[in-house]
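Structure first, then comments.
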Amino acid sequence: MSDLPRHFSAIHESYNEKKISPAELTQNYLSNAKSSRHNAVLTLCEERAMDRAKSLEKILKSEGSVPQLKMPLFGIPLGIKDVLNLSGVRTTCGSKILENYIAPYSATCLERLENAGAIILGKLNMDEFAMGGSNENSAYGSVLHPTHSDRVPGGSSGGSATAVRAQLCAGALGSDTGGSVRLPANYCGIVGMKPTYGRISRFGLVAFASSLDQVGPMANSVRDVASLLEVMASHDSKDSTSSPKAAGEFVRQSQAQADWKKLKVGIPKEYWIGGLSPDVQKSLGEALTFFKAKGATLVDISLPHTEYAVAVYYIVAVSEASSNLARFDGVRYGVRPQNAKDAGDLIEFYEKVRAQFGAEVKRRIILGTFALSSGYYDAYYLKACQVRRKIAEDFELAFKKVDLIATPVSPTTAFKLGEKVTDPLQMYLNDIFTIPVNLAGLPALSVPCGQDQSGLPIGLQLIGPAFGDEKLLQVANGFEKERSE
Amino acid sequence: MNSAFDLVIGLEVHTQLATETKIFCGCAAKPKAGQSVSDLLPNSNTCPICTGHPGTLPVMNRTAVEYAVRAGLALGCSIELKSVFARKNYFYPDLPKGYQISQYDRPICGPGFLEIETSKGSKKITIQRIHLEEDAGKTVHHSGYSVVNLNRACVPLIEIVSAPDMNSPEEAGAYLRALHSIVTAIGVTDGNMQEGNFRCDANVSVKPKGSKELGTRTEIKNVNSFRFVEKAIEYEYHRQIEVIQSGKKVVQETRLYDADKNITQSLRSKEEAHDYRYFPDPDLISLQLDAKWVEQIKSTLPELPHQKRKRYVEEFGLSAYDAGVITASQSLSKIFGAALGLVSIRNLEVKEFAKGISNLLSGEVARLMNDENKDLSESKLNESHLVDLISLLKKNEISSSAAKTVLRSSWESGEEVNLLVEKLGLRQVSDLSALLPVIEKVLADNPAQLAELKSGKEKLMGFFVGQIMKLTGGKANPAMLQNLIKEKLKN
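Residue numbers (my numbering), protein chains in the order written: chain D, 739 to 1223; chain X, 0 to 490.
Structure, rendered in structure tokens:
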């Protein structure tokens, strides 16, 4: 199992050297997926993936070697968080309400991955409708941590992070609304990125909070994450929030030598307030020392409105979610009473259908409905939008002084399944490191930087300015490469 | 009208824009000429976007925006270069997303106005705003179940909201007719009320005469003809007065008009006014228009009905009534314009012909349209018929009643006027040499009546005219006869 090539370049090398064929590799990954106990996979697309692999083999034969330029993801097996639509394949969003939903179209980002030669192995488990931080909110059972099965993998893209780390796929897509790619990447010891808002088309991404959601690539190396991003990121006319500046040379830039001496890394005082577990504190401290040793300058900065970020998020995100999830009414798709006589009148029908949402989803829908309601809109939603602007401005000002910002991703390593975080500071810190990034629409990633005493991974978060994805990847790549030297 | 109570009316009109595709997706909004999307097989004109499938996103239809701007410009509205789309959230089976994308506090068009003409004169009605939004599908209720057809979902609409400036059913009707003629004249909508692409909701309230405070209003929804709107408002006015006079309060609610019984009936209580939880749609970035583009649209506007009306009165001396009737109809305006064109080509007197033609149009043609419930465009009448008829009338070659007969015939068959006059034997005799002998004969044959006439009994003129008409087989020109007889009497 651990003999399988992990990195994309290693996979391509294996193909070129005829050490393994696309069909064989796909078969191996599929076997891993089938035999795994992590509950990371919701729908396995065996036939589809094998058909794909076989047609790629024909191309390999006629081309002689992997057509790197035309198909940069040739034969790379990927897992997709079950929040993205793949035509003809079930999408559940981790919810009972979509247990029988077959997507009638494919998300733009998935079309691009497949056009680039990727092989989609299946749809991965997640917190229901992307709401959660531990993947314990799925209607299909919790996902287990890839190496420590009594622990959570993080959420909401828990299935994606576990799948990559446990070699059920070579790379995966998650989605990040308040940290849902970075947190599980951090807990599971892989690289996970949320690009600048507008880089990757949201067409086909089931919406949780439209102004915060972004698709996020997850893989075993910065370079692989850059490869996935490059294939997906370019303007999509089907998404009005897709940026005309979307495309970039992410791979080439990520591999270029980071100019450490010129690098200014911001250390926001509102994020480094203690409360980190000793192992996390130590590991991150070592990371910062690395930057200094390389010649980068650490600059103390302040992001004064940080303390409001969680409140703003839990108003803006839930408000948008309450509206986005209104379409799940059982009329056109989804699980609904089959017999007219079981249905009752319209209200009874709606009640029966929407009772299928899990507790956390219901909680957020009700909260969001309240925050938008007449008499409360100004005090909550409107106010939250105004403070959000302030949070974004904090970052804009900071990026005049520094190139990147370094922060923890979470105060502890992965916690135990079922363990409720009761310490209020830790609960706060669990959210505060990742949420502001989504509010400001900035790019950020989690890159592995150590382990705790029990071998649980620790990650470092790097945040870049809007559309600074290339620089971000470059520094992260340098960190990853040169630290192991 | 009850003199103790004022009637206050505000009108909201939803009109479907005549774009090729829906407002946020590529599905057809206009399948075929004369066909509406609701005529198609149910749910055959949909896609994942307009049926609200998860993960889909709206993309704005540029033509819909252009048409909304066009409508705003034609109605004297300010055009907001930046406008915002908002979600109007509510649950109903024919609203696929569980919210309607509309505009709330930043609509695309700000205040404008519409001038209306009624029996009491001119009045300016303020238009508060115009905004863009998507239509919902259609739900049909049967016994024990309901069915939903989403063919119409996501079709573009503009909502035109008037201020509560109207005070009589006549004013409401005039406003709707004027509004309809403008939006159809500029081509942004087909405005077909029967097909539901020009819908009117009337907000009606009463207040004690002269009072400054408005009363509680009710909303009468989806009445599908101008006439019915007037009748519904009339009924509602009296109903509300009755309620108040019996000591009760008018309930704020939605009512439907029953055309058969001529009454309005309560649909649902608006007491618990629905909270739509409006917030800016995060999938559509705010709409930013280029001022130059707006100017360009303005330059493509055709002459509007009220501008035309003014010009017809000033340039051609038409009566206000005639000008009003002609400009209110696309087909009448068209034929009038064509007729004047023909008049110039034939080097005839434009002003004289204009008056004559307008009389025919506002009189006999309008009557035919009404009687046969047909538009002029569905008949075989064209501008050459009109010009030929007026030519003949001016030369006294036919009587005005003969002209009506010929017009009706041309309306049916399209036959050329001169041919019809010959065929039907309607050519009037105005030739003196033919008439004088007949007159002399009749006068000579009726000495008794002649004596009475000479002695001042004017009535007998009719007798002599009748006798002469009999002898000429009805072809004598009756107007000329009287004068000729009078001349003869002098001798």
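Glycine residues also receive a C-beta, built at the ideal position from the N, C-alpha and C atoms.
| Query | Result |
| --- | --- |
| Could you tell me which residues DSSP puts in a beta bridge with X/G111? | X/I126 |
| Are D/A1278 and D/F867 closer than 9 Å when you measure CB to CB? | The displayed coordinates of chain D run from 739 to 1223. Any statement about residue 1278 of chain D would go beyond what the structure contains. |
| Would you tell me roughly how many angstroms separate the C-alpha atoms of D/L851 and X/C46, rounded to the nearest one? | 23 Å |
| Tell me whether D/I1224 sits in a helix, a strand or coil according to DSSP, three-state version. | Within the shown structure, residues of chain D are numbered from 739 to 1223, placing residue 1224 of chain D beyond reach of any answer. |
| What's the C-alpha gap between X/K208 and X/G172? | 22 Å |
| Grab the span of the alpha helix (DSSP H) containing D/I1173 for me, first residue to last. | I1173 to A1178 |
| Please report the residue range of the beta strand (DSSP E) in which X/N88 lies. | A85 to N88 |
| Apart from the five residues just before and just after X/P301, which ones in its own chain have a Cβ nearer than 7 Å to its Cβ? | A184 and I185 |
| Report the neighbours of D/F941 on chain X: residues whose CB is nearer than 8 Å to its CB, in chain order. | G54, T55 and L56 |
| Since D/S948 contacts X/D282 with CB under 8 Å, what's their CB separation in whole angstroms? | 5 Å |
| Where does X/Y256 fall in DSSP's three states? | strand |
| Which chain X residues sit within Cβ distance under 8 Å of D/P842? | P47 and H52 |
| Please go through the same chain and pick out, in chain order, the residues whose beta-carbon is closer than 6 Å to the beta-carbon of D/N1215, but skip the five residues on each side of it. | V960 and S992 |
| Runs of 4 residues minimum, wholly inside the segment 921 to 975 of chain D: which ones carry the alpha helix (DSSP H) assignment? | 960 to 970 |
| Starting from D/Y1088, follow the alpha helix (DSSP H) in both directions and report where the run begins and ends. | L1084 to R1092 |
| Among D/N1077, D/N958, D/L1194 and D/K976, whose alpha-carbon lies nearest the alpha-carbon of D/I902? | At residue 902 of chain D the sequence reads Val, which differs from the Ile that was named. Ranking D/N1077, D/N958, D/L1194 and D/K976 by Cα distance to D/V902 puts D/N958 first. |
| Can you grab the Cα-Cα spacing for the pair D/S898 / X/G111, in whole Å? | 55 Å |
| Once you ignore the five residues that flank X/K485 on each side, which residues in its own chain have a CB closer than 6 Å to its CB? | none |
| I'd like to know if X/P106 contacts chain D, where contact means its C-beta is closer than 9 Å to some C-beta of that chain. | no |
| For chain D, check one thing: does any of its Cβ atoms lie closer than 9 Å to the Cβ of X/E270? | Below a pLDDT of 50, predicted positions are generally treated as unreliable, and X/E270, at 46, falls in that range; the measurement from the model is reported next regardless. Not an interface residue. |
| Excluding the 5 residues preceding and the 5 following D/N1062 in the sequence, name in chain order all residues of the same chain whose CB lies nearer than 6 Å to its CB. | A945 |
| Closest to D/P810 by C-alpha separation, out of D/G930, D/E1134, D/L967 and D/A984, would be which residue? | D/L967 |
| Tell me whether X/Q287 sits in a helix, a strand or coil according to DSSP, three-state version. | strand |
| Look up X/E19 in the DSSP assignment and say whether it is helix, strand or coil. | coil |
| Can you find a C-beta in chain D that's less than 9 Å from the C-beta of X/L39? | no |
| Are the C-beta of X/P155 and some C-beta of chain D separated by less than 9 Å? | no |
| Mind checking who X/P155 pairs with in its DSSP beta bridge? | X/E133 |
| Please name the residue, chosen from X/V364, X/C153, X/Q244 and X/A17, that lies closest to X/L380 on a Cα-to-Cα basis. | X/V364 |
| When you check each C-beta in the segment 268 to 297 of chain X against every C-beta of chain D, which residues fall closer than 7 Å? | D274, R276, F278, P281, D282, L283 and I284 |
| Going by beta-carbon coordinates alone, are X/F225 and X/H13 separated by less than 9 Å? | no |
| Is any beta-carbon of chain X found at less than 9 Å from that of D/C831? | yes |
| Nearest to X/E79 by CA position, among X/L94, X/D104 and X/K393, is which residue? | X/D104 |
| Which residues in the same chain have their Cβ closer than 6 Å to the Cβ of X/P279, if we skip the five residues on either side of it in sequence? | V83 and A85 |
| Hey, does D/F1066 have any beta-carbon neighbour from chain X nearer than 9 Å? | yes |
| Could you confirm whether any beta carbon from chain X is found closer than 9 Å to the beta carbon of D/Y839? | yes |
| May I have the straight-line CA-CA distance separating D/P815 from D/L798, to the nearest angstrom? | 16 Å |
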